[in-house]
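Residue numbers (this note's numbering), protein chains in the order written: chain Y, 950 to 1359; chain W, 950 to 1359. Below you'll find the structure, written out as structure tokens, and then a few comments.
2 protein chains.
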Amino acid sequence: MTTEKSPLAPPAFADLPAIDGVAVKTARAGYKNWDRCDLTFAELAEGTAVAGVLTQSKCPSPEVKWCRSALLLGHARALVVNAGNANTFAGQRGRDAVEAIAAKTAEHLGCERHEVFVASTGVIGEPLPIDRAEAGLDLAFGTADASWEEAARAIGTTDTFPKGAAASAVVGDGKTVRMSGIVKGSGMIAPDMATMLGFIFTDAAIDPAFLQEMLNRAVATTFNCITVDSDTSTSDTVLVFATGAAGNDAIAAFDDPGANAVMAALDDVCRQLAHLVVRDGEGASKFIEITVDAAESDASAKRVALSIANSPLVKTAIAGEDANWGRVVMAVGKAGEPADRDRLAIRFGATQVARDGLAVEGYDETPVAAHLKGDEIEIGVDLGIGKGRATVWTCDLTHGYISINADYRT
Amino acid sequence: MTTEKSPLAPPAFADLPAIDGVAVKTARAGYKNWDRCDLTFAELAEGTAVAGVLTQSKCPSPEVKWCRSALLLGHARALVVNAGNANTFAGQRGRDAVEAIAAKTAEHLGCERHEVFVASTGVIGEPLPIDRAEAGLDLAFGTADASWEEAARAIGTTDTFPKGAAASAVVGDGKTVRMSGIVKGSGMIAPDMATMLGFIFTDAAIDPAFLQEMLNRAVATTFNCITVDSDTSTSDTVLVFATGAAGNDAIAAFDDPGANAVMAALDDVCRQLAHLVVRDGEGASKFIEITVDAAESDASAKRVALSIANSPLVKTAIAGEDANWGRVVMAVGKAGEPADRDRLAIRFGATQVARDGLAVEGYDETPVAAHLKGDEIEIGVDLGIGKGRATVWTCDLTHGYISINADYRT
């Protein structure tokens, strides 16, 4: 296991405000032989609205199935996160563990079991030990509140730094609502797999259906626009909880006062958290932003951008600080989306290196080389055929990735 | 550039029979600073039928466009292959180079320009120098015949060994027809990209439309079932030429005498060549065969198998000799194909490690560990929901891949 902090980590954990209506506790359930808290419990005020986006995997964890079903009700009183055991591919005993956690938490709070949201991350193929989960919950119920940073650490597995982000918005009646979020991902270590878990809390009052609509919109351009290695976890989960403690008039549509400001805040928090996951990508030495413009549609632009972001040849070229636009052309071509070789333009940083399907003759290589030596790389692709646009983020592919994922046995 | 032979290379170049109606020559055009032949010219008997499968890339090379158009006629008199310059993304000058090669060769043979097939591989973004191509052709026209091994070397770029395969078939009138093929791929070196070029020659008489039907069928389960890193070249080309010199009655349908035998031979040659490409995968230390059974359909099985084969987490686990079936579950899940977590079974080699969505309790790890230490790895996945089946081949993902593709600048 690599414990060295990613070179792309921010200098410090973000300063996140407390959210009225949310009390976070952490405890040591002992899922793994870790000397740290590995169970996170968030108690949420009555009437808290919830929305979620869960993995598209066809082999999801029982936690994912549980949350999907609980989301139909739209209200939450608690979140329980287990780190160190993904409880995936563990049969009936895995399902039992989720039910036991929900039942115990519901009993403690006097709420419905389906108001308890559960997420787990870590080793797969082993059922989560129910006795440890229950003992951990007992500890959490009786402990003092934890800080956001402590919670961000407790939900992590092979993360090399804790990840949080915040934003605020002024809603129609002049009230300021706050939003704080934490996320874990995407370090992996055998036999774990990458799981991204993100949890966002706000004191705004928001109708659950509209909260879901906003989250879908935010995730589409943030969490769903990042990729480390194109692999998708069986447990990926993003949940947003709105306690309503700010006392604003509940927001239920984009026409409502403050809706756009809250949407912007949610976008902002999701984007910050998503970027932090990329910055902790296994072996990452460069943060890469890829923007595709003038595609047939936004969806087409995103598919082309992800084809570039997931190309091992592009990612290794960036690791090698090589402005290899030929590999970008290849990745555009293999995306299978509408494109015209003779209109394609490519830039690295601010320098156009190819235009109209040809290398730009005599372009200045000095700023390109300087840009590639940095740790924030921008690749711009203009397809020249429409108005679609998308931006995605990834990291480079280095020896560090291989070491983390292949060398642990040797 | 790595010049060390892949550890997965066969002990020697295959013994390939000469094919009546085919004369192969090689020459040094000097596309790169290589002390070796880099232009290959095959003269084909009059009446040679041709079929081809070309890259799906939306940014194909002018050679690919040229061949696609020439294939409409269905007859070939020559093949010219350039190594060291892919002539891709080189604008009008790239197109001019292909036309010049076709024109000069057609003049030499007294045939139509569209009976000349052209393929190029190597650096992209630079037009193929017409003067060198023409001088190379002049040398080739005047030289003695080359061996298949010489031709296999001349079409290579960063290949670490030459690749060839042969088969034969007895057709209806008792005649034996022969088939010899060569292929190049898939080493890459900046700023080259992986290109797979495969050329198969037979003395059988085969109707062009039926030859295309047979090639489509063979490619679907061979060349299109291999992957090294999921990247697709702008120049990928497989062509098959049938000279008819064996004098058999032309085969035009699967009902015709010998058609099934020829189909089997073509399948065999394509599979052997495809495997050789995987064996030369960049940094490969293990050859991996992945079979997916009991999927909803063959097409669904293939998509699941390729999802596993392209997963960096699966490929690094194999490099680490780790029977990490959790990563296989993850890759099945992310394929987006019909699957049922609770029916999924997985084996490594002959040992079942997971069944009915659970680890097989107390399975014997000894044969699994021994299997993974070898250099031929088999992964079997049974989805338990249908009758679809597919097998694909790939290699592991190692430090060698990163070194070849990222380290050349440093």
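Think of the CB as a built atom: it goes at the ideal place given N, C-alpha and C, for glycine as much as any other residue.
Cβ distance (whole Å) where V1030(Y) is taken to contact L1146(Y) below 8 angstroms: Locating residue 1030(Y) in the first sequence gives position 81, where the first residue counts as 1. Locating residue 1146(Y) in the first sequence gives position 197, where the first residue counts as 1. That pair is a contact at about 7 angstroms.
Three-state class that DSSP yields for D1242(W) in the structure shown: Numbered from its first residue, the second sequence carries residue 1242(W) at position 293. Here D1242(W) sits in strand by DSSP.
Completely contained beta strand (DSSP E) runs for the stretch 1156-1214 of chain W, where each covers 3 or more residues: For the stretch 1156-1214 of chain W, the continuous beta strand (DSSP E) assignments of 3+ residues that do not extend past its boundaries occur at 1186-1191, in sequence order.
Candidates R1304(Y), A1318(Y), F1203(Y) and D1331(Y), of which the one nearest E1162(Y) by Cα: Counting from 1 along the first sequence, the entry for residue 1162(Y) is found at position 213. Cα-wise, what sits closest to E1162(Y) is F1203(Y).
Proximity of A1082(Y) and A1046(Y) at Cβ, strictly below 8 angstroms: As a working note, residue 1082(Y) is residue 133 in the first sequence. As a working note, residue 1046(Y) is residue 97 in the first sequence. Taking 8 angstroms as the cut-off, the beta carbon of A1082(Y) is found closer than this to the beta carbon of A1046(Y).
Minimum length 3: unbroken beta strand (DSSP E) runs contained in the stretch 1063-1129 of chain Y: Segments of the beta strand (DSSP E) lying fully in the stretch 1063-1129 of chain Y: 1065-1072 and 1112-1119.
Within-8 angstroms CB hit, M1279(W) to chain Y: Locating residue 1279(W) in the second sequence gives position 330, counting from the first residue. Taking 8 angstroms as the CB threshold, M1279(W) lines the interface with chain Y.
Under 8 angstroms from the C-beta of S945(W): neighbouring residues of chain Y: The displayed coordinates of chain W run from 950 to 1359. Any statement about residue 945(W) would go beyond what the structure contains.
Proximal chain Y residues relative to F1110(W), where beta-carbon distance stays under 9 angstroms: Counting from one through the second sequence, the residue named residue 1110(W) turns up at place 161. Those do not exist, as F1110(W) stays about 22 angstroms from chain Y at its closest Cβ, beyond 9 angstroms.
Minimum Cβ-Cβ distance from F1236(Y) to chain W less than 8 angstroms: Your numbering for residue 1236(Y) matches position 287 in the first sequence. With 8 angstroms as the cut-off, F1236(Y) does not count as an interface residue toward chain W.
DSSP beta-bridge partners of C1016(Y): Stepping through the first sequence from its first residue, residue 1016(Y) is reached at position 67. Paired residue(s): none; C1016(Y) is not in a bridge.
For L1021(W), the three-state DSSP class (helix, strand or coil): Taking the first residue of the second sequence as position 1, residue 1021(W) is located at position 72. Note: L1021(W) maps to coil in three-state DSSP.
Chain Y within 8 angstroms of I1239(W), Cβ atoms only: In the second sequence, counting from the first residue as 1, residue 1239(W) sits at position 290. False, the Cβ-Cβ gap to chain Y never drops below 8 angstroms.
Per-residue burial, E1286(W) [other beta carbons within 10 Å of its own, 16 or more giving buried]: Against the second sequence, residue 1286(W) aligns to sequence position 337. By the 10 Å Cβ count, E1286(W) comes out buried.
Minimum Cβ-Cβ distance from E1314(Y) to chain W less than 8 angstroms: Taking the first sequence and counting its residues from 1, one reaches residue 1314(Y) at position 365. The beta carbon of E1314(Y) sits no closer than 8 angstroms to any beta carbon of chain W.
Residue-level contact to chain Y via CB, H1348(W), 8 angstroms cutoff: As a working note, residue 1348(W) is residue 399 in the second sequence. Residue contact check for H1348(W) against chain Y: a CB pair falls below 8 angstroms.
Contacts around Q1155(W), its chain only, beta-carbon distance under 8 angstroms, and the 5 residues preceding and following it disregarded: The residue labelled residue 1155(W) in the question sits at position 206 within the second sequence. Residue identity differs from the one stated: residue 1155(W) is Ile in this sequence, not Gln. Closer than 8 angstroms at Cβ, skipping near neighbours: A998, M1163, A1191, G1193, A1199, I1200, A1201 and V1211.
Through-space distance from K1322(W) to A1093(Y), alpha-carbon basis: Your numbering for residue 1093(Y) matches position 144 in the first sequence. Your numbering for residue 1322(W) matches position 373 in the second sequence. Roughly 50 angstroms between the two C-alpha positions.
Minimum Cβ-Cβ distance from F1172(W) to chain Y less than 8 angstroms: Here residue 1172(W) is taken as the residue at index 223 of the second sequence, counted from 1. It does not; no Cβ of chain Y falls within 8 angstroms.
Beta carbon of M1279(Y) nearer than 8 angstroms to that of A1214(Y): Position 330 of the first sequence, counting from 1, holds the residue named residue 1279(Y). Position 265 of the first sequence, counting from 1, holds the residue named residue 1214(Y). Not a contact, by the Cβ cut-off of 8 angstroms.
Start and end residues, alpha helix (DSSP H) containing A1046(W): As a working mapping, residue 1046(W) is identified with position 97 in the second sequence. Run containing A1046(W): G1040 to L1058, per the alpha helix (DSSP H) assignment.
Neighbourhood of I1334(W) by C-beta distance below 8 angstroms, restricted to the same chain and skipping five residues each side: As a working mapping, residue 1334(W) is identified with position 385 in the second sequence. Excluding sequence neighbours, I1334(W) sits near A1243, A1244, E1245, P1287, A1288, D1289 and R1292.
Under the three-state DSSP convention, the category I1138(Y) falls into: For this step, residue 1138(Y) is matched to residue 189 along the first sequence. Since pLDDT at I1138(Y) reaches only 34, below the 50 mark, its modelled position is unreliable, and the value read off the structure follows with that caveat. DSSP places I1138(Y) in coil when its eight states are reduced to three.
Simplified DSSP assignment, three categories, for C1344(Y): Translated into positions along the first sequence, residue 1344(Y) becomes position 395. For C1344(Y), the secondary structure class from DSSP, reduced to helix, strand or coil, is strand.
Beta-carbon proximity list for R1102(W), same chain, < 6 angstroms, skipping 5 on both sides: Here residue 1102(W) refers to the residue found at position 153 when the second sequence is read from its first residue. Only P1111 meet the Cβ criterion.
Opening and closing residue of the beta strand (DSSP E) in which G1311(Y) lies: Against the first sequence, residue 1311(Y) aligns to sequence position 362. Going by DSSP, G1311(Y) is part of no beta strand (DSSP E) at all; its letter is neither H nor E.
Strand pairing of W1301(Y), partner residues [DSSP]: If you number the first sequence from 1, residue 1301(Y) lands on position 352. Here residue 1301(Y) turns out to be Gln, not Trp, going by the sequence shown. For Q1301(Y), the beta-bridge partners assigned by DSSP are R1296(Y).
DSSP-derived helix/strand/coil call for L1365(W): Coverage of chain W is limited to positions 950 through 1359, which leaves residue 1365(W) absent and any answer about it impossible.
Inter-residue Cα distance where the pair is N1173(Y) and A1114(Y): Walking along the first sequence from the start, residue 1173(Y) turns up at place 224. Walking along the first sequence from the start, residue 1114(Y) turns up at place 165. So the two alpha carbons sit approximately 17 angstroms from each other.
Neighbourhood of A1250(Y) by C-beta, 6 angstroms cutoff - its chain only, sequence neighbours within 5 removed: Start at 1 with the first residue of the first sequence, and residue 1250(Y) comes out as number 301. Excluding sequence neighbours, A1250(Y) sits near V1241, A1244, G1337, R1338 and A1339.
Neighbouring residues, chain W, relative to E1286(Y) (Cβ below 9 angstroms): Position 337 of the first sequence, counted from the start, is the residue given in the question as residue 1286(Y). Listed by position along chain W, the residues whose Cβ is nearer than 9 angstroms to that of E1286(Y) are K1007.
Chain Y contact for N1354(W) (CB, 8 angstroms cutoff): Mapped onto the second sequence, residue 1354(W) falls at position 405. Cβ-Cβ to chain Y under 8 angstroms: yes for N1354(W).
Cutoff 8 angstroms; reference Y1312(W); Cβ partners in own chain excluding five residues on either side: Position 363 of the second sequence, counted from the first residue, corresponds to residue 1312(W). Taken in chain order, the residues that qualify are T1300, Q1301 and V1302.
Cβ pair D1216(Y), T1171(Y) closer than 8 angstroms: As a first step, residue 1216(Y) must be located in the first sequence, where it is residue number 267. As a first step, residue 1171(Y) must be located in the first sequence, where it is residue number 222. A distance below 8 angstroms separates the beta carbons of D1216(Y) and T1171(Y).
DSSP state of K1235(Y) mapped onto helix, strand, coil: Working through the first sequence from its first residue, we reach residue 1235(Y) at position 286. Under the three-state reduction of DSSP output, K1235(Y) falls in the coil class, being neither helix nor strand.
Residues that L1255(W) contacts on chain Y, provided the C-beta gap is smaller than 8 angstroms: As a working mapping, residue 1255(W) is identified with position 306 in the second sequence. Here the premise fails: no neighbours, minimum Cβ distance about 12 angstroms.
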